[in-house]
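The numbers in the UniProt record's numbering rise by one with no breaks, and the one at position 724 of the sequence shown is 724.
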Amino acid sequence: MRQLELRLGLVLYGGVSLAIYMHGVTRELLNLQRASHVLYQIRQNGESDITLEGSAKSYFELLESFGPELDLRVVIDAISGASAGGVNAIMLARALAHDLPLKHHSDLWLSLADVEELANENSGVSKQAKRVLAPVLDKMLGYLGAEVPHNQETRTKLRDFISSRWFTPPFSGERYSGWLIDACRAMDEYDRGETLLPVGQELELFVTLTDFHGVLRRIALHDPEFIEELDHRRIVKFDAVNDLSSGLQSQMSAEFIPDLVFAARATSSFPGAFPPMSAAEMDGVLEQQGLAWNGREAFLTNVLHTNCEAEGERIFIDGSLVMNKPFQPLIGSISQRPASQEVVRRLLYLDPLPFSHGDVPAEREPPGFFKSIFASLAHIPRNEPIGDELQEIERINMKVRRIQEVAEAALPMVQREVQVLLKKHRKLPQTEGDFFSVRQGAELSAMEQCGFANAGYLQLRLGHLAHRVVSLTSRLYEKQNVGCVEKGEEIALSSWANVEELVVKALTFAREEEGGAQRDQTQILHELKALDVDYRIRQLRFLIEQINKFYHHDEIADAVEFARHLDVFKRELYAQITNLQNRWAQEFYGSETMQFASLLREAPPHREAVCNILGLLRYRMGLSDLDKLTDSLVLDGVGKLGDLEAAQGILEAYIGFPFFDTSMFPVQQALDAFELRKIEVGRISPKDAQLLCPGGVDLKGAQLQMFGAFFNRGWREHDYLWGRLNAAERLVRLLRDVYQECYDAERPVLPEKDRKLRDIFLDILDEEEAHLEDQELVRACRESVHKVFSKGS
1 MRQLELRLGL VLYGGVSLAI YMHGVTRELL NLQRASHVLY QIRQNGESDI TLEGSAKSYF
61 ELLESFGPEL DLRVVIDAIS GASAGGVNAI MLARALAHDL PLKHHSDLWL SLADVEELAN
121 ENSGVSKQAK RVLAPVLDKM LGYLGAEVPH NQETRTKLRD FISSRWFTPP FSGERYSGWL
181 IDACRAMDEY DRGETLLPVG QELELFVTLT DFHGVLRRIA LHDPEFIEEL DHRRIVKFDA
241 VNDLSSGLQS QMSAEFIPDL VFAARATSSF PGAFPPMSAA EMDGVLEQQG LAWNGREAFL
301 TNVLHTNCEA EGERIFIDGS LVMNKPFQPL IGSISQRPAS QEVVRRLLYL DPLPFSHGDV
361 PAEREPPGFF KSIFASLAHI PRNEPIGDEL QEIERINMKV RRIQEVAEAA LPMVQREVQV
421 LLKKHRKLPQ TEGDFFSVRQ GAELSAMEQC GFANAGYLQL RLGHLAHRVV SLTSRLYEKQ
481 NVGCVEKGEE IALSSWANVE ELVVKALTFA REEEGGAQRD QTQILHELKA LDVDYRIRQL
541 RFLIEQINKF YHHDEIADAV EFARHLDVFK RELYAQITNL QNRWAQEFYG SETMQFASLL
601 REAPPHREAV CNILGLLRYR MGLSDLDKLT DSLVLDGVGK LGDLEAAQGI LEAYIGFPFF
661 DTSMFPVQQA LDAFELRKIE VGRISPKDAQ LLCPGGVDLK GAQLQMFGAF FNRGWREHDY
721 LWGRLNAAER LVRLLRDVYQ ECYDAERPVL PEKDRKLRDI FLDILDEEEA HLEDQELVRA
781 CRESVHKVFS KGS
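Rendered as structure tokens:
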């Protein structure tokens, strides 16, 4: 069975009350990953301790139906959110990291996200005055660009909202923060110490904030030497790692609730509606609830930079003002993600109010006073084009295509040279000693075949290795010296500037007491091998890619036991990649190595210190032992394939990698693309899911300058339910498309004939029927489901 990991990166836009639609979408994303996690547990262990409910059961059945051809695992590994999207991103990330439910977050949105609940007490005029002011208030609604709604509940609440005290935020930030804390603590009641993250994988969460006062940034120039600017954009990052040895290390646990709630409250502090967010507000809310903020100083100093400048406390407002569509941090995260198995990458963005030509008025009138204010705060930031971000993704995909083209061109040459090499040895490697001898011969032969270009190839490897070593050393130093992040960045830039050059020289030249002569290329290659972790990772990835090609080979496709063996073989190779990647992790090293790292901070650092740290890293990394383990894994993996053609092909790929790398590495270095995979982009929006509602759904929350859902519970229920239904349709299509791409199915399943999709729709409606007050809404949606799928039957 071919194993494939569908990795999803999520971008959640801002959108005020459209957050309720996005919450419905996140419910389905969580159910999909939970179903995938349970299926993986059952296939690995024969059982799972997680009970699936609602639509998660049907997602499980859909993923299971892809077998025996495809074992598809769904993993959300990066989430980015701004404003209302930031709140949903935080709650979804917590649920994924700790296998928690989101139903308590649903209660927050449906019951409490109402103007009457959010409003500050005693902030309006008297009832008598409201009756007198009613015509004036209706006129003011016209200034906002909206007609007075006919719905009585909405009309009454809207008048109350407009009549509240002017020039003071009408919503209570403290109350909102308290609700977020309550939602998090309610989620944690179901914490069983589990996680939905695969072993060895990391979930990264990015939330955008607007720093009202800004942080002073120094930018180097030629003339003048530097300039200084205020940076108001703050991207707060949280992560969770399911480590093979130490288990789950998470910044999304109960311990970090104050940090997470601060970020959620700050990113959604819509100007004029909520007061700005500050540490003082968080302190007050926590005191009222009797909770401690144990990580307060670390969060304020290292994340919010409150101690970096003299003015003291930072004030934060809505994150959508500086980045409403936070693609950039997500692209930076996923473009270099390592993989533990074959990966397909998708970037999904949630746009609850997509633009269409019909949104442009035929006659454009100059905006009035209030309309201009709301446009600058909501509509204009919301409608920033994402062309630059999509072009960046296309540049990544271009790099992937170029590398694939070069690899395909180089592969026949690699196979030819390996066959010549094996003929010289007169037999295939039979023992680990044979493997070592043949690999050594391949490295030397590749050096000879490369000729004069080998010097450039070695220099590129030296430069890349020097950069990696210096990056590791600087992180080890910073781990010992926790302080202000901004100042730490400046120290790193000034202190490590010349160390890379010294590392290259230390590897290229012998020690001074040995004469200081430049080593020849064979000696340099030997020095490289002692430290070059990335070379070994590239070798194993190349080997895995060649193994994947044999799944469709007749001798493998017709023998289930051989396909299963390839699965096990690849799993062992991926585990070895993880072992290698750990050599670049701070946690791998102890206090002695960290103390040596501090020696390189001297200005200028001494060459002797560089040589000492390199010697210590050689010893700590222990790469020669890992090489022996890799040889053993390959020998065993190839041996179990017997005389199959696949055995010969896999063996040639492993031995021939030095030939391949001499041609591929310069291309990868030039394109800065070592772990890149093609990234395809998809959208989830009310306009993209039209099966149940042709033409798309009109969200109630889009009314009243996107505040609409805060004025009517029925509107909130409408948007929430359609968020779940729209997401289900889009996610099922995504899974079907991935399966079809893998197996080039001749007859894709049409949506109206997709019984699994119908089951998911009905699961959602059955689950929500007991919770939603608007039973007519549920009934109408159920009728639509039966109508659509009766046509397709």
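Note that CB positions come from ideal geometry on N, CA and C, so glycine has one too.
_Going by DSSP in three states, VAL199 sits in which element: helix, strand or coil?_
The sequence position of residue 199 within the sequence shown is 199, counting from 1. In this structure, VAL199 counts as coil in the three-state DSSP scheme.
*Where do the N-terminal and C-terminal ends of the beta strand (DSSP E) with LEU70 fall, by residue?*
One-based indexing of the sequence shown puts residue 70 at position 70. Membership of LEU70 in the beta strand (DSSP E) is indicated by the continuous run 70-82.
_Check this for me: beta carbons of LEU614 and LEU472, under 9 Å apart or not?_
Start at 1 with the first residue of the sequence shown, and residue 614 comes out as number 614. Start at 1 with the first residue of the sequence shown, and residue 472 comes out as number 472. Using a Cβ distance threshold of 9 Å, LEU614 and LEU472 do not count as a contacting pair.
*According to DSSP, is LEU291 helix, strand or coil?*
Translated into the one-based positions of the sequence shown, residue 291 becomes position 291. Coil.
*asked:* If you measure between the beta carbons of LEU100 and TYR40, is that distance less than 9 Å?
replied: Walking along the sequence shown from the start, residue 100 turns up at place 100. Walking along the sequence shown from the start, residue 40 turns up at place 40. No.
*Does DSSP put GLN249 in a helix, a strand or coil?*
Here the question's residue 249 lines up with position 249 in the sequence shown. Three-state DSSP puts GLN249 in a strand.
_For ARG131, which residues in the same chain have their Cβ closer than 7 Å to its Cβ, ignoring the five residues on either side in sequence?_
In the sequence shown, residue 131 corresponds to position 131, counting from 1. Below a pLDDT of 50, predicted positions are generally treated as unreliable, and ARG131, at 48, falls in that range; no measurement from the model is reported.
*Under a three-way DSSP split, which group does LYS476 fall into?*
By 1-based counting over the sequence shown, the position of residue 476 is 476. Just to set this straight, residue 476 is Leu in the shown sequence, not Lys. Judged by DSSP in its simplified three-state form, LEU476 adopts helix.
_If distances are taken between C-alpha atoms only, which option among ASP434, LEU617 and ARG564 comes closest to GLY590?_
Your numbering for residue 590 matches position 590 in the sequence shown. Of ASP434, LEU617 and ARG564, the residue nearest in Cα terms is LEU617.
*asked:* My assumption, with CB atoms under 8 Å, is that LYS756 sits in contact with LEU62. Please give the rounded CB distance.
replied: One-based indexing of the sequence shown puts residue 756 at position 756. One-based indexing of the sequence shown puts residue 62 at position 62. With a Cβ gap of about 4 Å, LYS756 and LEU62 count as contacting.
*Which two residues bound the contiguous beta strand (DSSP E) that contains TYR349?*
As a working note, residue 349 is residue 349 in the sequence shown. TYR349: member of the beta strand (DSSP E) spanning 343-350, first to last residue.
*Any idea if PHE226 is buried or exposed, counting beta-carbon neighbours within 10 angstroms, 16 or more meaning buried?*
As a first step, residue 226 must be located in the sequence shown, where it is residue number 226. With fewer than 16 other Cβ atoms within 10 Å, it is exposed.
*Start and end residues, beta strand (DSSP E) containing HIS565*: Numbered from 1 along the sequence shown, position 565 holds the residue referred to as residue 565. No beta strand (DSSP E) contains HIS565, which is instead part of the alpha helix (DSSP H) from 560-581.
*Thinking C-beta only, is PRO751 closer than 9 Å to GLU729?*
Taking the sequence shown and counting its residues from 1, the one referred to as residue 729 is at position 729. Taking the sequence shown and counting its residues from 1, the one referred to as residue 751 is at position 751. The beta carbons of GLU729 and PRO751 sit closer together than 9 Å.
*Do you know whose CA, among LEU30, ARG345, ASP259 and SER474, lies nearest LEU197's CA?*
For the purposes of this step, residue 197 is taken as residue 197 along the sequence shown, with counting starting at 1. With distances taken between Cα atoms, LEU197 lies closest to LEU30.
*Work out the CA separation of GLU680 and ASP534 for me, nearest whole Å.*
For this step, residue 534 is matched to residue 534 along the sequence shown. For this step, residue 680 is matched to residue 680 along the sequence shown. Cα to Cα, ASP534 sits roughly 26 Å from GLU680.
*According to DSSP, which residues form a beta bridge with PRO271?*
Taking the sequence shown and counting its residues from 1, one reaches residue 271 at position 271. BP columns for PRO271 point to PHE274.
*asked:* For ARG73, count the other beta carbons within 10 Å of its own beta carbon; 16 or more makes it buried, fewer makes it exposed. Which is it?
replied: Position 73 of the sequence shown holds residue 73. Buried, since its Cβ has 16 or more Cβ neighbours within 10 Å.
*Taking the CB atoms as reference points, tell me whether GLY723 and ARG94 lie closer together than 9 Å.*
Here the question's residue 723 lines up with position 723 in the sequence shown. Here the question's residue 94 lines up with position 94 in the sequence shown. No, the pair does not count as a contact, with Cβ atoms beyond the cut-off.
*CA-CA distance, GLY451 and LEU458?*
The count along the sequence shown starts at 1 and reaches residue 451 at position 451. The count along the sequence shown starts at 1 and reaches residue 458 at position 458. Taking the straight line joining both Cα atoms gives about 12 Å.
*Which residues does DSSP pair with GLN3 in a beta bridge?*
Numbered from its first residue, the sequence shown carries residue 3 at position 3. Partner(s): ASP71.
*Look at GLU555 and LEU644 and say whether their C-beta atoms are less than 9 Å apart.*
Position 555 of the sequence shown, counted from the first residue, corresponds to residue 555. Position 644 of the sequence shown, counted from the first residue, corresponds to residue 644. Taking 9 Å as the Cβ cut-off, GLU555 and LEU644 qualify as a contacting pair.
*Compute the Euclidean distance between the alpha carbons of ARG2 and LEU635, then round it to the nearest angstrom.*
Counted from its first residue, the sequence shown places residue 2 at position 2. Counted from its first residue, the sequence shown places residue 635 at position 635. As the crow flies, the alpha-carbon of ARG2 is around 22 Å from that of LEU635.
*Provide the residue(s) that pair with ARG233 in DSSP beta bridges, ordered along the chain.*
On the sequence shown, residue 233 is found 233 positions in, with the first residue counted as 1. Per DSSP, THR210.
_On a Cα-Cα basis, can you pick out the residue from LEU353, ARG34 and GLN251 that is closest to LYS700?_
In the sequence shown, counting from the first residue as 1, residue 700 sits at position 700. When LEU353, ARG34 and GLN251 are compared, the shortest CA-CA separation from LYS700 is found for LEU353.
_Relative to the C-alpha of TYR59, which candidate in VAL778, GLN740 and ALA727 has its C-alpha closest?_
Position 59 of the sequence shown, counted from the start, is the residue given in the question as residue 59. Selection VAL778, GLN740 and ALA727 evaluated against TYR59 yields ALA727 as nearest (Cα-Cα).
*Could you tell me the distance, in whole angstroms, from the CA atom of PHE274 to the CA atom of SER17?*
Sequence index remark: in the sequence shown, residue 274 carries index 274 (1-based). Sequence index remark: in the sequence shown, residue 17 carries index 17 (1-based). When rounded, the distance between both Cα atoms is 13 Å.
*For ARG296, which option in GLN44, GLU287 and ALA279 has the closest C-alpha, if you only look at C-alpha atoms?*
The residue labelled residue 296 in the question sits at position 296 within the sequence shown. Of the candidates GLN44, GLU287 and ALA279, the residue whose Cα lies closest to the Cα of ARG296 is ALA279.
_Between the alpha carbons of ASP532 and MET664, how many angstroms are there, rounded?_
Along the sequence shown, one-based indexing puts residue 532 at 532. Along the sequence shown, one-based indexing puts residue 664 at 664. Roughly 16 Å between the two C-alpha positions.
*Assigned secondary structure, GLY682 (DSSP; H/G/I helix, E/B strand, else coil)*: On the sequence shown, position 682 is the one that residue 682 refers to. Strand.
*Consider the C-beta atom of ASN579 and the heavy atoms of the ligand PLP; say whether any pair is separated by less than 8 Å.*
Looking for the ligand PLP in the displayed structure turns up nothing, as the structure carries no ligands at all.
*Take MET323 as the anchor and find which of GLU773, LEU692 and TYR13 has the nearest alpha-carbon.*
The count along the sequence shown starts at 1 and reaches residue 323 at position 323. Distance check between MET323 and each of GLU773, LEU692 and TYR13 places TYR13 closest, using alpha-carbon atoms only.
*Given a cut-off of 9 Å, decide if SER269 and MET282 are closer than it, judged by their beta-carbon atoms.*
Taking the first residue of the sequence shown as position 1, residue 282 is located at position 282. Taking the first residue of the sequence shown as position 1, residue 269 is located at position 269. No, the Cβ-Cβ distance between MET282 and SER269 is not below 9 Å.
_Close beta carbons around LYS57, own chain, < 7 Å, minus the five adjacent residues each side_ = Along the sequence shown, one-based indexing puts residue 57 at 57. Short of 7 Å from the beta carbon of LYS57, and not among the five residues preceding or following it, lie these beta carbons of its own chain, in chain order: ASP763.
_Can you list, in chain order, the residues of its chain with a C-beta nearer than 6 Å to that of VAL469? Leave out the 5 residues immediately preceding and following it._
Locating residue 469 in the sequence shown gives position 469, counting from the first residue. So the qualifying residues of the chain are VAL503.
_Secondary structure of ARG218, DSSP reduced to three states_ = Here the question's residue 218 lines up with position 218 in the sequence shown. Three-state result, ARG218: strand.
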